Amino acid sequence: MFMMTSNISYHSMKGTNLKNRCIRLTFVVFLTFLFFYFLIHHFLSDADSSIQNVNYYKSRYRLENIENYEDFSALKATDLKQRIAEMLKIKSTVSAELRELEAKRQKLQLDISGYNAKIDELKQELSRQQTELNRLKISVEQAQVAQREAVLRNTPELALPKALYSNVLPKNYKPLLASEYLKCKMSNCFDHSRCSITSSFPIYLYDPDVVSVTNQGYEIDIFLKTTIKQTFGYNAHLTKDPKIACIFLILVGEALSDQETLRNNRYANTVDMKAPLSSEILNVTALYKLKYWASDGRNHVLLNLARRDLSTGSRNVFANVNTGRAMLVQSTFNENQFRQGFDLIVPPILGSPGGDVWQECSQMLPARRKYLLSFQGEMTAINKSNSQISDEQQLDEFIIEHLKEISNGMHSDKFYLQFECIPATEQTNLAAIEDWYLCGTDNSRRTILKDSTFALVLVPERSIISSTLLQARIYESLRAGAIPIILGGDQIELPFSEMIEWRRAVMFLPKARVTELHFLLRSVPDIDLLFMRRQGRLIWERYLSSVQATIDTIVANIRDRLGIPPKPIAAVKAVSVFNSTFIPLKSDPPIMDIEPEESLGPIEPPYPSPQFRRNYTVFLTQRREIWNDWADPFNLYPHLPFDPVLPSDAKFIGSNLGFRPIGKGVGGTGKEFGESLGGNHPREQFTIVILTYEREQVLMDSLSRLYGLPYLHKVIVVWNSPKPPLEDLRWPEIGVQVEVVKAARNSLNNRFLPYDAIETEAVLSVDDDAHLRHDEILFGFRVWREHRDQIVGFPGRYHAWNINGAWNYNSNYSCELSMVLTGAAFFHKYYTYLYTYWLPQAIRDKVDEYMNCEDIAMNFLVSHITRQPPKKVTSRWTFRCPVCPVSLSEDDTHFQERHKCINFFSKVFGYTPLLNTQYRADSILFKTRIPHDKQKCFKFI
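Next comes the structure, spelled out in structure tokens:
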């Protein structure tokens, strides 16, 4: 009973629970549909009005149908299920419509984004075109200024001087009296009418194998005769036409007797023969009968060059000889014989015929050597009838005794003083002139001089202003790096003294100051020691070291005396890699990759740098520097990096031609800065030189990046490969001429050849894989214009001293540098001439051996000439493009070779000319806060 009742109650409760669940479910479904209603209404409110209205009525209709149901609780389960299915179908339809609307909305947004991007692109293009238009306007203004300058110019454009020659042989004049030839000066004994200022100084040499003015039994030294003839053959001034000659040269000596000719010693140190008289050597009759002597010898130069016999008496073959109006060139002169400003004192010919001479020189460091002072010599025995000792001899004896006391004094300085030769000099005859002979051999004296800080030079007797032995001592001292101390220097003359500033390399002391000698030597600081030693080596190498150096200096001295410019230095002919019938293919100009808001400069037609504008004035205003700093008076350069600068107001008052001051002189910021070059020099452009080897695509990419570069005159591509470029290679059209030059051989030295195709002073040397922006290039160009004599570039390097006492090449980041790589650097074209013709051949050979280090060699050269470090610009430490192939510079062998190069180059120069700098150039307004209406000089520099 109890169990049955319980079951009935259980089923009754179960039905009640089911009913309640259905009611609750119905209520939840109703709330769900209400939620969807409001959700659908929210989405449809943002859609288009037409779609919104349609969907609104559809939804409303469906919802109204739902509301028609009076009571969900009264529905049966099957009807409720049907209603739910209908609701889900409505939901699906609404969802599909929502997805369709979302797709349309996304499409509209994409279209809007595309239109916005197109608008931005058009704005950028408008900005570019506006920038280009502004550049063209600037270009037009610059062209108009150039046109006005051309109209107003009232001075001729100077080019290479056109030679004007004499066209007649010298005519006969009345012979000069014996009492008059000693009064000769350039004004009264030289015929200037044969030497036009535009003649380039033609010289005529009597053939020494045909014409002789020596007596029988004497013959000119064979080596000297052959070498002189060969050396003059190399001289650009030599002519075979006597009609146009300015001067006539005749080789008189060194004339040796038949016995001396048989010997083959370099030069004699002993006096073992009687000194011959000048009348025994010189055939005066033959001299007067020279074909173009013209009775008085005007414009003749008599060369008496000593080599093997250095004895003072025998070398003065012109003593007491009436040489008319001829110039005398020799090493020994009496005081009453030498005609200042007319005759020429030269060193004896003690060196090689020519070529590299650096191996004969000693290293310049350390500044202070083993011996403070050295001397090796012996006074000649004097043949004088009066046995009484003169005052001069007494003074010489006092000097010797005092020097011995100094040498033996209580101090730390070491002296090497030898006043008697060991073994003794054998003098079989007494000399007529008091002079100091050399002791030992050339090698033994060199050994002592290499260890000497100073070298004592004692002068001959007072009547001699120059002797061969004196000049030989100067020669040997400078070669060994021992600074000559000439005791009695106030009574002698040194070679080429009207051009060479000897006081920068030699100390001159009167004999009366011998007691102060030790004090003076101790007071010279290291900086002056090394300056004088460096200057002495410069003089020795350029003017004294070889036969060619001496002959070229003789010619240059006389030419400079007449105010005639030298011959223009030879440029290297740029031979195109393409034959005359082949026309390379061109590609369309690339898209400019510059900031649209930044105008870097005007687009100008090619404007080569004016050449040879100072032909007749540079040797007047800068003679001292040419002879003593640059040491190159032998060539005329088209332009120099050392030209003087006009004062800033000259460009507005009378000398404004070519100048482009910023804001027409008012100044300004970025806008005005980009319109003009400004600075202290007239307008100019630059040439890019690219060295390449079988990397065509890399080269084409580099060329393409140069499109639209302002102030670019031309691009020279040095094609180092023996294979010509591919015929189907397309060369980009970049707006300027691209000249592809064929290299004679694969050499990195080709980077610095002075090609005649380079027509600007500024040269930008660039590797074919270098990646530089336009603003970087132009900033470097502007900085170079202010430092024209230095290398100005981007990647900096330095030389570091290692623990082994040698130099290392270092490319790590550093706050100090000493080199700028010429893979991306500006320099003056002048240095390409020096690199090719002036730099020792051994350095260029080392570059070819390693196929490396040409940039280090150029840095050595420029620092040696200027004594200044290079200039680095911008923060860039490397310059290679990120997608280019790995170059040789990444190899460890590359760095090992560069270590060796620095040490070898230092050995060749005698010291390390590289100087350190902690300076880097950035534009003036870089990181400066400026008003919003102003622009910086460069946006990123």
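Mapping of the sequence shown onto the working numbering: residues 941 to 1881, in sequence order. Note that beta-carbon positions come from the ideal geometry of N, C-alpha and C, so glycine has one too. No experiment lies behind these values; they were computed from the predicted model shown.
In the DSSP assignment, Arg1737 is bridged to Met1759.
With contact defined as three or more Cβ pairs closer than 8 Å, the segment 1232-1251 and the segment 1184-1198 are in contact.
When Tyr1055, Tyr1113, Met1472, Thr1166 are compared, the shortest CA-CA separation from Pro1424 is found for Met1472. Asn1555 sits in coil when the DSSP states are folded into three classes, being neither helix nor strand.
One alpha carbon belongs to Ser1292, the other to Ile1168, and they sit about 12 Å apart.
In chain order, Glu1332, Ile1373, Glu1374, Asp1375 place their CB closer than 8 Å to the CB of Glu1401, counting only its own chain and leaving out the 5 sequence neighbours on each side. Bounds of the alpha helix (DSSP H) holding Arg1501 are 1487-1501. As the crow flies, the alpha-carbon of Lys1111 is around 6 Å from that of Ala1234. The alpha carbon of Met1759 has as its nearest neighbour, out of Glu1794, Lys1786, Thr1387, the alpha carbon of Glu1794. In this structure, DSSP gives Asp1641 a helical state, which the three-state scheme calls helix. Beta-bridge analysis with DSSP links Tyr1577 to no other residue.
One alpha carbon belongs to Pro1601, the other to Ile1059, and they sit about 38 Å apart.
In this structure, Pro1581 keeps its C-beta atom at 8 Å or more from the C-beta atom of Pro1435.
Looking at the DSSP output, His1240 shares a beta bridge with Phe1188.
Cβ atoms of Arg1816 and Pro1694 stay farther apart than 8 Å, at about 28 Å.
In this structure, the alpha-carbon of Leu1586 lies about 12 Å from that of Gly1598.
Secondary structure of Gln1562 (DSSP, three-state): coil.
Residues of the same chain with a CB within less than 8 Å of the CB of Ile1388, apart from the 5 flanking positions on each side, are Tyr1311, Ser1314, Gln1316, Tyr1356 in chain order. Scanning its chain for C-beta atoms nearer than 7 Å, with the 5 sequence neighbours on each side dropped, one finds around Phe1574 the residues Asp1492, Ala1496, Pro1506, in chain order. A straight line joining the alpha-carbon of Gly1237 with that of Tyr1121 spans about 11 Å. Between Phe1626 and Tyr1749, the C-beta gap is not smaller than 8 Å, which leaves the two residues out of contact.
Counting the other CB atoms within 10 Å of its CB gives Pro1542 a total of 16 or more, which places it among the buried residues. When only Cα atoms are considered, Ala1445 and Gly1476 end up about 5 Å apart.
A contact is defined here as three or more CB-CB pairs under 8 Å, and the segment 1652-1663 meets this definition with respect to the segment 1546-1558. Contact between Thr1179 and Ser1271 is absent: CB atoms are separated by about 27 Å, not below the 8 Å threshold. The beta-carbon distance between Ala1765 and Leu1779, rounded to whole angstroms, is 17 Å. This is too long to meet the 8 Å contact definition. Beta-bridge annotation (DSSP): Glu1159 is paired with Leu1196. Taking the Cα of Ile1498 as reference, the smallest distance to any Cα among Arg1635, Gly1281, Leu1669 is reached at Gly1281.
Closest in alpha carbon position to Asp1500, among Leu1410, Phe1448, Gln1562, is Gln1562. Asn1690 carries a helical assignment under DSSP once its states are collapsed to helix, strand and coil. In the three-state reduction of the DSSP assignment, Asn1799 falls in the helix class, which pools H, G and I.
Residue state for Glu1374 is assigned as coil, using DSSP reduced to three classes. Here Ala1590 has no same chain residue with a Cβ atom under 6 Å from its own Cβ, once five neighbours each way along the sequence are excluded. Annotation for Tyr1415: the continuous alpha helix (DSSP H) segment containing it runs 1408-1420. In the pairwise beta carbon analysis, the segment 1608-1623 is classified as not touching the segment 1797-1809: fewer than three pairs are separated by under 8 Å. When secondary structure is reduced to three states using DSSP, Tyr1790 falls in the helix class.
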